[in-house]
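Here's the structure, in structure tokens; my notes come after.
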Amino acid sequence: MTTLSAATRSWFSLLRRAHAYSCYRFPPLRAPHLHVQLLPPAGNTRSRAFTCSVRSLKSSDVFYGRRWTGGATEEDEELMEDSEVEELFQQQVPSGTTGGQHRVFIVQPDVKWGHRKQHLTTAELMLAEAVGLVNTLDNWKVVDKMVLSTKTPEKKKIFGKGNFLVLTEKIRQTSGITAVFVNVDRLSPLSEREFEDTWGVKVFDRYSVVLQIFRCNARTKEAKLQISLAEIPLLRSRLKNEFAHMDQQGGGARYIGGSGETLFEVQQRLLKERETKIRSALEKLRKKRLLLRSQRKRSEFPIVSVLGYTNCGKTTLIKALTGDSVLQPRNQLFATLDVTVHAGQLPSHMTVLYADTIGFLSQLPHQLIDSFSATLEDIKHSDLLIHVRDISHPETENQKVNVLNVLKNLEIPDSLMSSMIEVHNKTDLLNNYQSPQVDTVCLSVSALLQRGLDALKSAVEEKIVQSTGKLVLDVRVELSSDQLSWLYREATVQDVKVNAEDGSALVQVIISTAAYGRYRKLFT
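Per our numbering: the sequence shown = residues 41 to 564.
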């Protein structure tokens with residue numbers, strides 16, 4: 041009799057719910073607002089303060105069910121309800137990745153030569169990062185670890201026969217192990233099955249461990265859908281292993297009823313339908329994000345995307361620049377999975393929106409990055425990039441290279457790359473830090489201690505004026521008219537010199553070309 045594993049039996053529940061998502065009903069929701077109060081320069085008693093509304097961007101705040109049409113609304117494409125996304129998120133979780141505890145043995149391959157050899161880091165530093173990944177997960181504990189050299193990383197067992205025997209003996213002698221983490225980007229289905237059969241415990245690679253961290257930190261609809269999409273290759277790999285095992289027992293090729301499909305073919309088809317459903321929902325969310333982005337553009341608030349390697353201090357820096365008490369930075373890998381936008385003011389009183397983005401990591405398969413393309417797409421539409429580096433980290437140079445490689449793969453425009461500001465964060469952790477002499481703008485800060493922020497704000501302001509084509513003008517206004525209040529509302533007023541004798545004022549402003557055109561049409 042063919043014996044099915046728990047993972048295989050779980051697929052039958054998906055058969056019974058294959059059409060659970062055929063019809064959607066979605067109530068319209070409105071995105072919350074972030075209110076930013078813009079005040080005139082100190083001492084100006086004639087002008088009025090005013091409050092403008094800046095829409096706060098999160099992955100979930102995307103005008104669900106409605107389209108903004110200049111004050112009117114109309115029904116838009118329907119999206120999945122939160123309960124349906126949650127069921128999809130929890131329905132087919134890769135086995136061994138949720139709930140419970142794991143006592144993990146970590147093995148770090150040390151590739152001696154070839155294209156897979158790492159030249160900017162060492163096996164010991166990579167092992168330390170792997171330990172950090174495991175420790176990020178609650179109830180997961182590293183019980184032992186080792187670095188093992190290999191000359192054949194592309195082979196099924198990764199290691200040579202002798203080293204593989206040494207590793208196997210080490211794992212068997214270490215009591216209490218429930219999982220082995222082989223720190224490579226992806227294990228092939230054959231390698232995963234070989235390891236699990238030999239060691240008798242669950243085997244993880246970098247892809248599956250990072251996905252588990254993502255799953256624990258997912259809060260919004262978009263994050264959960266993107267994680268579900270990224271899990272599809274993992275589910276396919278596990279499915280092949282399960283049915284390869286069933287084939288050996290003579291049960292994998294049986295047909296289901298009169299459909300003419302084997303059980304394996306049915307599961308493959310259901311996975312494909314699941315993937316299509318998720319991609320369709322993400323495409324609708326992408327359109328909503330595009331709509332939101334166009335509204336921000338019309339409001340003419342510059343967007344500054346803050347990016348960097350995971351846990352480099354991006355959120356702490358944004359909190360220091362904006363004073364936003366809502367932000368609660370965590371000393372944790374991948375604490376941020378959704379793009380959030382926070383308003384801050386520059387020295388000229390210009391308002392900018394800082395976008396907090398998902399952190400990057402080395403040795404991630406392109407499928408995982410592709411799954412989060414909707415979130416990362418916001419970076420391409422920024423007015424300025426700030427690359428934050430943890431300058432105290434021993435692998436800071438390798439982390440920089442990995443971040444730049446991801447940006448290259450995202451096809452970030454050259455104009456954005458050339459104007460990018462590099463920020464060396466966590467300088468308070470170094471005793472003798474010296475800023476390097478480089479051609480690009482490079483500033484040192486301590487976001488935690490709020491050091492170097494004034495220089496950073498000034499650099500951001502200079503770059504924003506250049507990248508957005510804003511005009512710096514001296515405009516003469518009549519104090520009896522609405523000109524001054526209009527400038528406060530639509531531009532950034534830097535200085536006001538009042539001439540009491542003729543009731544006028546000379547106003548220095550930073551203003552967009554479009555806004556200046558509207559001003560001239562109204563008042564000239």
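C-beta atoms are modelled at their ideal positions from N, C-alpha and C, and glycine is treated no differently.
query: Limits of the alpha helix (DSSP H) - the one that Ile358 falls within; result: 354-362
query: Buried/exposed call for His159, threshold 16 Cβ in 10 Å; result: exposed
query: Terminal residues of the alpha helix (DSSP H) in which Lys261 lies; result: 261-270
query: Enclosing alpha helix (DSSP H) for Ala540 [first to last residue]; result: Here Ala540 belongs to no alpha helix (DSSP H), and DSSP marks it neither H nor E.
query: Local Cβ density within 10 Å of Gly543, reported as buried at 16 or more and exposed below that; result: exposed
query: Alpha helix (DSSP H) segment containing Gly172, residue limits; result: 163-176
query: Residue interval of the alpha helix (DSSP H) (run including Lys510); result: From DSSP, Lys510 is part of no alpha helix (DSSP H); its letter is neither H nor E.
query: Tyr473 in three-state terms, based on DSSP; result: coil
query: Endpoints, beta strand (DSSP E) assigned at Ile431; result: Careful: Ile431 lies outside any beta strand (DSSP E) and carries neither H nor E.
query: Inter-residue CB distance, Ile504 and Leu424 (contact presumed, cutoff 8 Å); result: 6 Å
query: Ala71 - DSSP class collapsed to helix/strand/coil; result: The predicted model places Ala71 with a pLDDT of 33, which falls under 50 and marks its position as unreliable; any figure quoted below should be read in that light. In this structure, Ala71 counts as coil in the three-state DSSP scheme.
query: At least 3 beta-carbon pairs within less than 8 Å: the stretch 380-390 vs the stretch 531-550; result: yes
query: Residue burial classification, Asp364 (beta-carbon count within 10 angstroms, cutoff 16); result: buried
query: Residue burial classification, Arg212 (beta-carbon count within 10 angstroms, cutoff 16); result: exposed
query: Identity of the residues DSSP links to Ala545 by a beta bridge; result: Val517, Val538
query: Backbone secondary structure at Gly348 - three-state DSSP; result: strand
query: Spatial neighbours of Leu367 in its chain, beta-carbon cut-off 6 Å, leaving aside the 5 residues before and after; result: Thr355, Lys359
query: Local conformation of Gly202 per DSSP, three classes; result: helix
query: Cβ shell of Ala82 (< 8 Å), same chain only, five flanking positions each side left out; result: For Ala82, the predicted model reports a pLDDT of 39, less than 50, meaning its position is unreliable; a value from the coordinates is still stated below. Around Ala82: no qualifying Cβ.
query: Cβ neighbour criterion (16 or more within 10 Å) applied to Glu209; result: exposed
query: Enclosing alpha helix (DSSP H) for Met573 [first to last residue]; result: In the structure as shown, the chain starts at 41 and stops at 564, and residue 573 therefore has no counterpart that could be examined.
query: Inter-residue Cα distance where the pair is Gln506 and Leu519; result: 31 Å
query: Beta-carbon gap between Thr467 and Ser432 smaller than 9 Å; result: yes
query: Cβ separation of Val243 and Leu227, assumed to be a contact under 8 Å, to the nearest whole Å; result: 7 Å
query: Inter-residue spacing [alpha-carbon to alpha-carbon] between Arg143 and Asn175; result: 11 Å
query: First through last residue of the alpha helix (DSSP H) which encompasses Gln146; result: According to the sequence shown, residue 146 is Ile rather than Gln. No alpha helix (DSSP H) holds Ile146; the beta strand (DSSP E) holding it covers 142-151.
query: Test item: CB-CB of Asn438 and Leu165 under 9 Å; result: yes
query: Cβ-based burial, Gln141 [other Cβ within 10 Å; buried from 16]; result: exposed
query: CB of Leu357 within 9 Å of CB of Val428, strictly; result: yes
query: Straight-line Cα distance separating Lys152 from Ile146; result: 19 Å
query: Contact between the stretch 309-329 and the stretch 263-279 (3+ Cβ pairs under 8 Å); result: yes
query: DSSP-derived helix/strand/coil call for Glu124; result: helix
query: Beta-carbon contacts of Pro342 that lie in its chain and below 6 Å, excluding the five residues immediately before and after; result: Val392, Asp423, Ile504, Thr508
query: Span separating the alpha-carbon of Ala531 from that of Ala258; result: 38 Å
query: Close beta carbons around Thr564, own chain, < 6 Å, minus the five adjacent residues each side; result: none
query: Simplified DSSP state of Thr532, which is helix, strand or coil; result: strand
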